[in-house]
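J.: Got a structure here, written out as structure tokens. Questions coming.
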């Protein structure tokens, strides 16, 4: 009997151990499944984060430095000069003694008029003697060619004709000067008494083309005059047949001249305040200072730039391209791509108050409590710009139509007015924080902004290079 009882005890213990082992195996399998599920979820999350990271474009930053900016803009000006037309007192074939653009005195022989028409034949036959060129004259030819080559523009084909006439004038000047020096031979020929030598009667620069703008004054300028497609020049060339009193050119009698350019009101105010501006002539790449006179006419505002030099360089040009350098401003230099505009609520200054644990600016927002009673709740706000009258604020706790209350008063108002500020996104704190800027000067790539302004920027701040890539308070991924 005791043996049988002992065997039963051992059997029951064995069965219990097998049952417990089976239960442990089942629990272990359950735990393994849970661990695999957790590990799988973590793996999927990590892969998703990695994929998102590589697909996300990194936010590029820009460190602000102090700098300067010369703001220049290209204009086309209309030249205004003291010009007088030259009229021929005779009928015949004209030949010039003076190269176009040269300065002559009142007694210098400028051109001749041949009533017979035989002078050209004598020149071609070489009857007036040989013409030789000095090294200085040849150097002058080379200089003309080089200058033309540097400034050649395939879109401005008229310049080819101007160059042709310039070279032709230089050559004919030497030939005709040689003829002038052999005047005695000319008088003894069959042309004696038939060739008239003419002067201008005044001192100035000689030009052999006319355009009808010789008497133009600043108050006659209109925007239509800047359409060069309608512009035409007339020119009398060597050996052309002219009639008595025909226009053969003009003489510029004064070294002082001016350029008229169209400008807007803001640029006009800047230039008028400066009185003198620096001008770079694109044709010669030279610079000069021009005195500013502003003309406010019926169809627009025009700036007259008055010069007392360089007249000879542009005496044959009615339209002159210039680059106007209006200022050289110092300040914080930032790329234009970093500049953005953002809309804010405009709150009257007497509705702003300070409160909260840090004593920051905010507003008293009217809301209903649990019992439906109206109470005032202090809402802390970020201030982006302010003056004595108003604050520009941004808060996710406010919406258009919310009522805010004035401190210690029953006055209240609905939030509705908004305004736009220009600024950049500061990324010093790891998120995009909008900062207002005041632009002092700007060109196509960079702007100069004020430094150390309230709510603004300082040197070495880091800003988002591309403002379009973020929004306010976005986390910055470098």
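In this note's numbering, the protein residues as written are -15 to 462. Glycine included, C-beta positions come from ideal geometry on N, C-alpha and C.
Return the residue from the list 337, 289, 257, 26 that minimises the CA-CA distance to residue 271.
T.: It is 289 whose Cα lies nearest to the Cα of residue 271.
J.: Using beta-carbon positions only, say whether residue 100 and residue 226 come within less than 7 angstroms of one another.
T.: No Cβ-Cβ contact shorter than 7 angstroms links residue 100 with residue 226.
J.: Ordered along the chain, which non-local residues of its own chain (more than five positions away) have a Cβ less than 8 angstroms from that of residue 436?
T.: 442
J.: For residue 397, list the residues DSSP reports as bridge partners.
T.: Note: residue 397 sits in a beta bridge opposite 388.
J.: Can you check which of these residues, 276, 301, 235, 224, is closest to residue 266 by C-alpha distance?
T.: 301
J.: How many angstroms separate the CA atom of residue 286 from the CA atom of residue 240?
T.: 19 angstroms
J.: In three-state DSSP terms, what is residue 296?
T.: helix
J.: Determine whether the beta carbon atoms of residue 181 and residue 89 lie at a separation below 7 angstroms.
T.: no
J.: Measure the CB-CB distance between residue 44 and residue 316 and report whether it falls below 7 angstroms.
T.: Not closer than 7 angstroms, so no.
J.: Cβ of residue 224 within 7 angstroms of Cβ of residue 323?
T.: no
J.: Determine contact between the segment 271 to 281 and the segment 199 to 219, defined as no fewer than three beta-carbon pairs at a distance below 8 angstroms.
T.: yes
J.: Please confirm whether residue 82 and residue 179 have their CB atoms less than 7 angstroms apart.
T.: no
J.: Count Cβ pairs between the segment 420 to 434 and the segment 339 to 351 that sit closer than 8 angstroms; are there 3 or more?
T.: no
J.: Less than 7 angstroms between C-beta atoms, sequence neighbours within five positions excluded: which residues of the same chain meet that for residue 418?
T.: Residues of the same chain with a CB within less than 7 angstroms of the CB of residue 418, apart from the 5 flanking positions on each side, are 326, 368, 407, 409, 456 in chain order.
J.: Measuring only the C-alpha atoms, how far is residue 381 from residue 314?
T.: 39 angstroms
J.: Can you tell me whether DSSP reads residue 8 as helix, strand or coil?
T.: Model confidence at residue 8 stands at a pLDDT of 47, short of 50, so the residue's coordinates are unreliable; what they give is reported in the following sentence. Helix, per DSSP.
J.: Below 7 angstroms between beta carbons: does that hold for residue 299 and residue 245?
T.: no
J.: Identify the residues that DSSP records as bridge partners of residue 374: which are they?
T.: 332
J.: Look at residue 91 and residue 183 and say whether their C-beta atoms are less than 7 angstroms apart.
T.: yes
J.: Which class does residue 203 belong to by DSSP, given the choice of helix, strand or coil?
T.: helix
J.: Count the other CB atoms, across all protein chains shown, that sit within 10 Å of the CB of residue 222; report buried if there are 16 or more and exposed otherwise.
T.: buried
J.: Could you tell me which of 252, 295, 356 sits nearest to residue 67, measuring between CA atoms?
T.: Considering only alpha carbons, the answer is 295.
J.: Can you tell me where the beta strand (DSSP E) holding residue 280 begins and where it ends?
T.: 270 to 281
J.: Given that a residue counts as buried once 16 or more other Cβ atoms are within 10 Å of its Cβ, and exposed if not, what is residue 464?
T.: Here the chain has residues from -15 to 462 only, and residue 464 is not among them.
J.: Just to confirm, is the Cβ distance from residue 430 to residue 405 under 7 angstroms?
T.: no
J.: How should residue 459 be labelled, buried or exposed, when 16 other C-beta atoms within 10 angstroms of its C-beta is the threshold for buried?
T.: exposed
J.: Can you tell me which of 197, 387, 306, 48 puts its alpha carbon nearest to the alpha carbon of residue 359?
T.: 387
J.: Counting only beta-carbon separations shorter than 7 angstroms, does residue 293 have a partner in chain B?
T.: Absent from the structure: chain B. Only one protein chain is present.
J.: Rounded to the nearest angstrom, how far is the Cβ of residue 402 from that of residue 291, given a contact under 8 angstroms?
T.: Taking a contact as a CB-CB distance under 8 angstroms, the pair residue 402 and residue 291 does not count as one, their CB atoms being some 49 angstroms apart.
J.: What would DSSP say about residue 23, mapped onto helix, strand or coil?
T.: helix
J.: Taking only the alpha-carbon atoms, compute the straight-line gap between residue 62 and residue 200 and give it to the nearest angstrom.
T.: 10 angstroms
J.: Would you mind working out which of 385, 318, 65, 391 sits nearest residue 195, comparing C-alpha positions?
T.: 65
J.: Could you name the residues that DSSP lists as bridge partners for residue 81?
T.: None; residue 81 has no bridge partner.
J.: Spatial neighbours of residue 412 within its chain, please: CB distance less than 7 angstroms, with the 5 preceding and 5 following residues excluded, ordered by chain position.
T.: 445, 446
J.: Return helix, strand or coil for residue 45, following the three-state DSSP convention.
T.: strand
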